[in-house]
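Residue numbers (the numbering used here), protein chains in the order written: chain A, 1 to 482; chain B, 1001 to 1435. Below is one structure, written out as structure tokens; comments come after it.
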Amino acid sequence: MSEIETKETFASGEYKYGFVTDIEADEAPKGLNEDIIRFISAKKNEPEWMLEWRLKAYRWWTTRKEPRWALLDYPEIDYQDIRYYSAPKKMIDRFKNEDGEIDPEISKTFERLGIPLGEAKRLEGVAVDAVFDSVSVATSHQEMLEEMGIIFCPISEAIIKHPDLIKKYMGAVVPHTDNYFASLNSAVFTDGSFVYVPKGVKCPVELSTYFRINAQDTGQFERTLIIADEGAYVSYLEGCTAPMRDTNQLHAAVVELIAMDNAEIKYATIQNWYAGDEKGRGGIYNFVTKRGHCRGRKSKISWTQVEAGAAITWKYPSCILEGDGSTGEFYSVAVTNNRMQADTGTKMIHVGNNTKSTIVSKGISCDESVNTYRGLVQVVPGAKGCRNYSICDSMLVGDKCSANTVPYIEAEDSTAIIEHEATTSKISEDQLFYIKSRGIDEESAINLVVNGFCKDVFKKLPLEFAVEATKLLEIKLEGSIG
Amino acid sequence: MNTQMEAEKREENIPGFDAGAFEQLVLTDAEASIAARQKAFERYLGLPAPRAVDEEWRRTSPQMFPFDKVQLLPVIPAGKYVAGPNDSLFDIVVSVSADGFGVQDASGLLADGKVKVMGLSEAAEQEPGLMAQYLDGKAIGEEAGKFEALNSAFWNFGLLVRIEPNVVLERGILVRCDVESEAGAFVPRLVLSSGAQSSATVVECTGNSPDSAVICVSTKEMYVEDGAVLKVISLQELNDQSAHLANDWARVERNATIEWIGLNFGSRLVKARIACDVAGEGSAAELDGLFFTHGEQHVDQKTLQIHSSPNTYSRLLYKGAVNDESHSVYQGIIVAKPGAVKVDAYQTNNNLVLSDSARADTIPGLLIDADDLKCSHGATIGNLDEDQLFYLRSRGISQDEARKVVINGFYDEVAQRIPYEFIRDRVHAYVQERG
Chain A
1 MSEIETKETF ASGEYKYGFV TDIEADEAPK GLNEDIIRFI SAKKNEPEWM
51 LEWRLKAYRW WTTRKEPRWA LLDYPEIDYQ DIRYYSAPKK MIDRFKNEDG
101 EIDPEISKTF ERLGIPLGEA KRLEGVAVDA VFDSVSVATS HQEMLEEMGI
151 IFCPISEAII KHPDLIKKYM GAVVPHTDNY FASLNSAVFT DGSFVYVPKG
201 VKCPVELSTY FRINAQDTGQ FERTLIIADE GAYVSYLEGC TAPMRDTNQL
251 HAAVVELIAM DNAEIKYATI QNWYAGDEKG RGGIYNFVTK RGHCRGRKSK
301 ISWTQVEAGA AITWKYPSCI LEGDGSTGEF YSVAVTNNRM QADTGTKMIH
351 VGNNTKSTIV SKGISCDESV NTYRGLVQVV PGAKGCRNYS ICDSMLVGDK
401 CSANTVPYIE AEDSTAIIEH EATTSKISED QLFYIKSRGI DEESAINLVV
451 NGFCKDVFKK LPLEFAVEAT KLLEIKLEGS IG
Chain B
1001 MNTQMEAEKR EENIPGFDAG AFEQLVLTDA EASIAARQKA FERYLGLPAP
1051 RAVDEEWRRT SPQMFPFDKV QLLPVIPAGK YVAGPNDSLF DIVVSVSADG
1101 FGVQDASGLL ADGKVKVMGL SEAAEQEPGL MAQYLDGKAI GEEAGKFEAL
1151 NSAFWNFGLL VRIEPNVVLE RGILVRCDVE SEAGAFVPRL VLSSGAQSSA
1201 TVVECTGNSP DSAVICVSTK EMYVEDGAVL KVISLQELND QSAHLANDWA
1251 RVERNATIEW IGLNFGSRLV KARIACDVAG EGSAAELDGL FFTHGEQHVD
1301 QKTLQIHSSP NTYSRLLYKG AVNDESHSVY QGIIVAKPGA VKVDAYQTNN
1351 NLVLSDSARA DTIPGLLIDA DDLKCSHGAT IGNLDEDQLF YLRSRGISQD
1401 EARKVVINGF YDEVAQRIPY EFIRDRVHAY VQERG
């Protein structure tokens, strides 16, 4: 584990991932039309059917309007002012060249982020796929995973190498008609990860993708698809950062998870996109559709997220619990400071009998931020013996912030048992006093209380991530107090 | 970018509530209240009609209300008091029917000037000073919607109940509405005003006989002035052919308290907003509610607990059961306005789903714009506890009886707060009939 100790963390006092890497990029012109989609598809050497799929999504997208129901306030997005494709120039030949060399500049970028790409410095126990703007630059541990039959590769590679799996599963959970941002993603997605774990295989390492936005005025549209076949197990981690810029950048991702009989997928995110400065200038607009489908009996999907960045977050990782006895879990910590706005939560749709779901959401709002939990628990008619337990707690630090909780609960079966609890309160004076009376300064005391508040979620994260999440929280709270 | 929703042609007025109907209604009303109606009517014309795609109406489409089948009833004039079975329990009774409303003053409170009860038109003539405070709907803390404006313009029964400062009522006031009509729109507007340091209980019962069918679009405005205590119990028992649209607001001033129990048992279709602004420092609200839907009933209730001042308290408990093919919707919102510190707010909604075709939706919400407060909500949806049923059955109680005992127990937390036995009996009767 020595590598992990020396590894840099996501968190630091200033937003230290705000640097820009100076590389030559191969870019599409700004704007969006069918030609741009053809351009992206051609860049990726995609087969005809993929292009058709993208165009279908694009045509649907043009008929829709951007959703505005969330408690978010942001100016009109000009979709024609965004660059939908940007790739480091030296990487273009990646799929032609077997051992494609990685631009040393990019390699350095990921090292600064704490993601060494060189095989020698590879993280122990974690296989990493690193995505830089629109393309995936490196995937580690591939051979070892291949031996076990596990496919872990950039999605653009999977489209070429595993067209059958892609045709079967892409869009099966989040169809291109799902929502405005998902259909935009379906039309222009550039990269992301693809994971397939075959029957009975328990993936021995944590799979991880690291997303990085570098180029200016570029949107990042990644698409991740994870399939766990019968009895399989996989744990997946995702991290994100972006440079500091005064303009807003758009990130619209789609993540689809599919779990067959007795399979289990754990999906953890630490999202630390650049959130803008204290005046609310700049930052990433994060519009993400994440959904898991528990198809098989007794399957399990677990979402864990730490949302600490992005100027705007619009994200509802959900579970469709179709298989009898399947389980969905959602653990979330959302921290907002300065002028950040987050509208996040989950949807648990109980379709199968005896399905269970747990929701634990912790929101911390500081400064002038707006932090909203929005969720749905639905039991469809005929789904017997379903059980849900939700707890949504909000903590207020500062007097200009807002904390909102908007859960929707719909039960259409008499055997369902659903419990929901929510609280909103100021950070407890009593607890702070108790800690301070033992000689601990105020800032550390607040950190202790907030960490305790988030503990239920952090303990669900893999160890290294939990350590980083704790640090990240500490930084976000710095200066918000007093 | 034409979506289906936009393509839909929209009629902005509620059927039957247009300029013609307004002119006709005004003819039957007193001169003094016409100006206010006229203003409200213009506001009404300017507002968009609610649509099924609006978040507020997503679960109860405005199209479900058969306005095209009803006729607006003329203004109900002052008339004769008609006695009812529980009238002896109250100091003052107002009986309301389509023919007229009458007042009984058993304790001589009206004669002594301690309480004022009069029609709104009469109040506009006799008490212009008092009415001026209420005409702009100060209790209504949100932008008026189409139906609120409709009520302000088209009300055909208006009543002012004013309890003078420092008056304490021992037995309370009963307002009993029994409007018979084959197909009429009943638009009541009730203004309750509790003077400073006064204390009173007001019971409002709304019902109709089995062969009538009405749409009731009601508004209730309640003003609880400094240090006053107002207890309100609203029992809605309209029959299965009727529909009820309610928009009830309370404004609670400094150190005053409202205790408000809403019993929405009747009507085929209910869309009610129950809103309370604890507006003065140190004010408190205790809000309770019960409902029990059966058959094809659809009951949609939205509660708002608004905290616009520091040091305010509100507690809400709504309990309901859904049976047969009925559908209940509960939406609750706690709002803490900026600067409302030291707020305590609680909201609980418990639901029993008794049949597989029944459906209960619950949407508890918190919208908090202040720090230094404690707010919480809890919501549960479940079925009858098997252990409790087994316990009762093992003591020789039939399955059917055991169910009713458990449901009565479930309701008891709210029912025991009702200070009148005849109303508690109504709750038990509904459990007996629908359980």
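By construction, the Cβ of each residue, glycine as well, lies at the ideal position given by its N, Cα and C atoms.
- The criterion of a C-beta distance shorter than 8 angstroms is not satisfied by I159/A and E256/A.
- If you check the CB distance, F453/A and T470/A do not come in under 8 angstroms.
- Chain A has a Cβ within less than 8 angstroms of the Cβ of K1374/B.
- Looking at the backbone, the Cα of H1294/B and that of K1374/B are separated by about 36 angstroms.
- Only those residues of the region 408-432 of chain A whose C-beta falls short of 8 angstroms from the nearest C-beta of chain B are listed: Y408, I409, E410, A411, E412, D413, S414, T415, A416, I417, I418, E419, H420, E421, A422, T423, T424, S425 and K426.
- Straight-line measurement puts the Cα of K1116/B at about 14 angstroms from the Cα of S1199/B.
- Here the C-alpha atom of M1064/B lies approximately 9 angstroms from the C-alpha atom of A1243/B.
- In chain A, no part has a C-beta under 9 angstroms from the C-beta of P1310/B; the shortest such distance is about 12 angstroms.
- Between the alpha carbons of I155/A and T415/A lies a gap of roughly 41 angstroms.
- Proximity of N404/A to chain B, defined by a Cβ-Cβ separation below 8 angstroms, is satisfied.
- P1364/B has a beta carbon lying within less than 8 angstroms of a beta carbon in chain A.
- Under the Cβ criterion (8 angstroms, minimum of three pairs), the region 430-442 of chain A does not count as touching the region 282-291 of chain A.
- Against chain B, a Cβ distance below 9 angstroms from L396/A picks out I1368, A1370, D1371, D1372 and L1373.
- Spatial neighbours of I1140/B in its own chain (CB-CB distance under 6 angstroms, excluding positions within 5 residues in sequence) are listed in chain order as W1249.
- Under the Cβ distance rule, D441/A does not count among the residues neighbouring chain B, no pair being separated by less than 8 angstroms.
- Contact note: L1354/B reaches chain A through S414, using a C-beta cutoff of 7 angstroms and chain order.
- Nearest neighbour of L1238/B by Cα position, chosen from V1414/B, A1185/B and Q1331/B, turns out to be A1185/B.
- Cβ proximity to chain B below 9 angstroms picks out T62, T63, R64, K65, W69 and L71 from the region 47-78 of chain A.
- Non-local beta-carbon contacts of S318/A in its own chain, meaning distances under 6 angstroms to residues more than five positions away in sequence, involve R291, T346 and K347 in chain order.
- For C386/A, there is no enclosing alpha helix (DSSP H), since its DSSP letter is neither H nor E.
- The DSSP assignment places complete beta strand (DSSP E) segments of no fewer than 3 residues inside the region 186-232 of chain A at 193-197, 206-212 and 223-228, in order along the chain.
- Contact with chain A is found for E1055/B, since one of that chain's Cβ atoms lies less than 8 angstroms from the residue's Cβ.
- Looking only at D1091/B, A1149/B and Q1197/B, the smallest Cα-Cα distance to A1036/B is reached by A1149/B.
- Neighbours of D456/A across chain B, judged by C-beta separation under 8 angstroms, do not exist; the nearest C-beta is about 17 angstroms away.
- Here the region 325-341 of chain A does not lie against the region 413-429 of chain A, with fewer than 3 beta-carbon pairs under 8 angstroms apart.
- Along the region 167-182 of chain A, there is no position whose C-beta sits under 9 angstroms from a C-beta of chain B.
- Counting only runs of at least 3 residues, the region 1336-1418 of chain B fully encloses the following beta strand (DSSP E) elements, listed from N- to C-terminal order: 1343-1353, 1359-1368 and 1373-1382.
- Of all residues in the region 1375-1391 of chain B, only C1375, S1376, H1377, G1378, A1379, T1380, I1381, G1382 and N1383 come within less than 7 angstroms of chain A when Cβ atoms are compared, listed by chain position.
- Spanning the alpha carbons of V335/A and Y1223/B requires a straight line of approximately 40 angstroms.
- Shown here, V1070/B sits in coil according to DSSP, grouped into three states, outside any helix or strand.
- With a threshold of 8 angstroms between beta carbons, D324/A makes no contact with chain B.
- DSSP links H1294/B through a beta bridge to no other residue.
- Flagged as an interface residue toward chain A: D1361/B, by a C-beta distance shorter than 8 angstroms.
- For the pair D1288/B and V1175/B, the CB atoms are not nearer than the 8 angstroms cut-off.
- Exclusion of the five residues before and after G192/A leaves I155, E222, R223 and T224 as the residues of its chain whose Cβ lies within less than 6 angstroms of its Cβ.
- Setting aside the 5 residues that flank it on each side, A1360/B is surrounded in the same chain by V1322, S1328, N1351, V1353 and I1381, each with a C-beta closer than 6 angstroms to its C-beta; the list follows chain order.
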